Amino acid sequence: MRYYPVLLNLENTHVLVIGGGEVALRKVKDLLNAGALVTIIAPRLHEELAELCGNNPLHIKREYCEGDLKGATLVFSATSDPETNRQVFAEAQARGIFINSVDDPEHCSFIIPSSFSRGDLIVAVSTSGSAPAFAAKLRRHIETSLPNNIEETLDAMRDARDILKHNPQFSSLSSAQRGDLLKKISSDDEHIEELLRHHRQGTIAGFLMKIF
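As structure tokens, then:
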């Protein structure tokens, strides 16, 4: 199966989680970090998940019933019951809602990659479901290979991009020229180090004028 990689903005988006165990806990934590509005349907909750519950996530204390997916944008079925997964998947398909059934790829319309984030950087690794443990190993390898100052570097690159886009000194540059200048910085470690120095000093515009 071929998958299309995508990053979703779930801010204030209604996401439904079926199940209340340890797997559901991990999913809910990630969803809350993304700003989603989470509803959990489960007769019982993991202790830590129960502590989280309030207005968001909202807990409906019972088993899943047909019709529960109404109004949801995204659904996670985090139960250990294959029949529940099948029923939730069938309703999601009928309603045109994307669904992930944890560890049940036959009842998924999307899968979750192994991922990590450092500030604005998000790295996701997937083996298309064929070897999740190996995807996690690759993700750990990538994570340990990143420079320690990656978050500061991304902050500086974002500021440089904003300056090139909005500062009147660079109004004559086309979009392609701005992109070329940012590529020039990104491809040269010395330029990156100099950018970081100017970022700390608040003098990025002067640096950009110098290398333009």
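The sequence shown begins at 6 in this note's numbering and counts up one residue at a time.
No residue lacks a Cβ here, since even glycine has one placed at the ideal position from N, Cα and C.
Bear in mind that the values here come from a model prediction, so they are computed numbers and not experimental data.
When beta bridges are read from the DSSP output, SER120 appears opposite ALA129. HIS112 is classed as buried because its beta carbon has at least 16 other beta carbons within 10 Å across all chains shown. Taking a C-beta distance under 9 Å as the contact criterion, THR84 and ILE45 do not qualify as a contact pair.
For ALA165, the closest of SER150, ALA140, ILE197 and SER177 by C-alpha to C-alpha distance is ILE197. Distance from the CA atom of GLY207 to the CA atom of GLY184, rounded to whole angstroms, is 21 Å. Collapsing the DSSP output to three states places THR208 in coil.
Secondary structure note for THR18: it is in no beta strand (DSSP E), with a DSSP letter that is neither H nor E. When DSSP states are grouped into helix, strand and coil, SER106 belongs to the strand group. Straight across, the Cα-Cα distance linking HIS204 with PHE217 is about 17 Å. Cβ neighbours of LEU186 within its own chain (closer than 8 Å, five residues either side excluded): LEU169, LEU178, LEU213, ILE216 and PHE217. Apart from the 5 residues on each side of it in sequence, ARG91 sits with its Cβ closer than 8 Å to the Cβ of HIS112 in its chain, given in chain order. Under the three-state reduction of DSSP, HIS64 is assigned to strand. The continuous beta strand (DSSP E) containing PHE81 extends over residues 79-82.
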